[in-house]
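> The numbering used here applies: residue 11 is where the sequence shown begins, and numbers increase by one. Just so it is clear, CB atoms sit at the ideal spot from N, CA and C, and this is done for glycine as well. Keep in mind it's a predicted model, so treat the numbers as computed, not measured. Got a structure for you, written out below as structure tokens; questions coming shortly.
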Amino acid sequence: MKRTAIVYFSEHHGNTKKIVQAIADAHEEVTLIDAATKIEVDLSGYERIGFASGIYAGCFARKLLTFAQINLPDKKEAFIIYTSAMNGRHYGDDIRALLDKRNARVLGTWHTRGFCTFGPLKLIGGAFRGRPGEEEIREALDFYENLGA
Ligand SMILES: Cc1cc2nc3c(=O)[nH]c(=O)nc-3n(C[C@H](O)[C@H](O)[C@H](O)COP(=O)(O)O)c2cc1C
Numbered sequence: 011m012k013r014t015a016i017v018y019f020s021e022h023h024g025n026t027k028k029i030v031q032a033i034a035d036a037h038e039e040v041t042l043i044d045a046a047t048k049i050e051v052d053l054s055g056y057e058r059i060g061f062a063s064g065i066y067a068g069c070f071a072r073k074l075l076t077f078a079q080i081n082l083p084d085k086k087e088a089f090i091i092y093t094s095a096m097n098g099r100h101y102g103d104d105i106r107a108l109l110d111k112r113n114a115r116v117l118g119t120w121h122t123r124g125f126c127t128f129g130p131l132k133l134i135g136g137a138f139r140g141r142p143g144e145e146e147i148r149e150a151l152d153f154y155e156n157l158g159a
């Protein structure tokens, strides 16, 4: 069991939070850090660091990227989780570039669709209601549990 921090940002419907909370509830080695409220955190004591965010205008949350820029030590094991309404091909490239810059060893990326009421979607009651649900949470746990040694 590696001491693990998951830094997350989840401001729209708590979709991403639902995923990381399920991982933390099932794994006592996991500490959650909310990038919406934390600016400087000493991450040196964690062996593995996850970054999890909703996608906003095609990007990981600005606050989460800034958090990573400020706090991520060099050469950590890392993983990436995101939730989004669509399957954008480049989602996650921004955090990935930052991790590469810090010579992180990226163990994997996992994503799923999340309930969205942004913009015109609000008029039709939103898209992907109920997502992520039980099935996606199970998938996320599998992803985390199979990150490797
Ligand atoms: C301001 C805003 C912008 C968004 N932009 C995108 C986008 O570019 N692509 C996409 O697939 N989803 C987009 N979404 C949908 C969210 O990524 C999706 O609902 C996600 O699950 C939200 O996660 P959260 O509830 O953890 O914040 C956007 C949502 C909001 C509120």
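#1: Within the present structure, is the beta-carbon of residue 21 separated from the nearest heavy atom of ligand 1 by less than 8 Å?
#2: From this set, 37, 124, 131, 70, which residue's C-alpha is nearest residue 153's C-alpha?
#3: Does the distance between the C-beta of residue 95 and the nearest non-hydrogen atom of ligand 1 fall short of 8 Å?
#4: Going by other Cβ atoms of all chains shown within 10 Å of its Cβ, with 16 needed for buried, is residue 134 buried or exposed?
#5: So, for residue 52: in the same chain, excluding its five sequence neighbours on each side, which residues have a beta-carbon less than 8 Å away from its beta-carbon?
#6: Per the DSSP calculation, residue 60 is bridged to which residue(s)?
#7: Please determine if the region 63 to 70 and the region 28 to 42 are in contact, where contact requires at least 3 C-beta pairs separated by less than 8 Å.
#8: Could you check if residue 130 is buried or exposed, using at least 16 other CB atoms within 10 Å of its CB as the buried criterion?
Checking against the coordinates, here is how it stands:
#1: One-based indexing of the sequence shown puts residue 21 at position 11. It does: the Cβ of residue 21 is within 8 Å (strictly closer) of some heavy atom of ligand 1.
#2: Position 143 of the sequence shown holds residue 153. Nearest of 37, 124, 131, 70 to residue 153, Cα basis: 37.
#3: Working through the sequence shown from its first residue, we reach residue 95 at position 85. At least one heavy atom of ligand 1 is nearer than 8 Å to the Cβ of residue 95, so yes.
#4: By 1-based counting over the sequence shown, the position of residue 134 is 124. When all chains shown are included, residue 134 counts as exposed.
#5: Here the question's residue 52 lines up with position 42 in the sequence shown. Once the five neighbours on either side are set aside, the close Cβ partners of residue 52 are 81.
#6: One-based indexing of the sequence shown puts residue 60 at position 50. According to DSSP, residue pairing for residue 60 in a beta bridge involves 16, 89.
#7: no
#8: Numbered from 1 along the sequence shown, position 120 holds the residue referred to as residue 130. With fewer than 16 neighbouring CB atoms inside 10 Å of its own CB, residue 130 falls in the exposed class.
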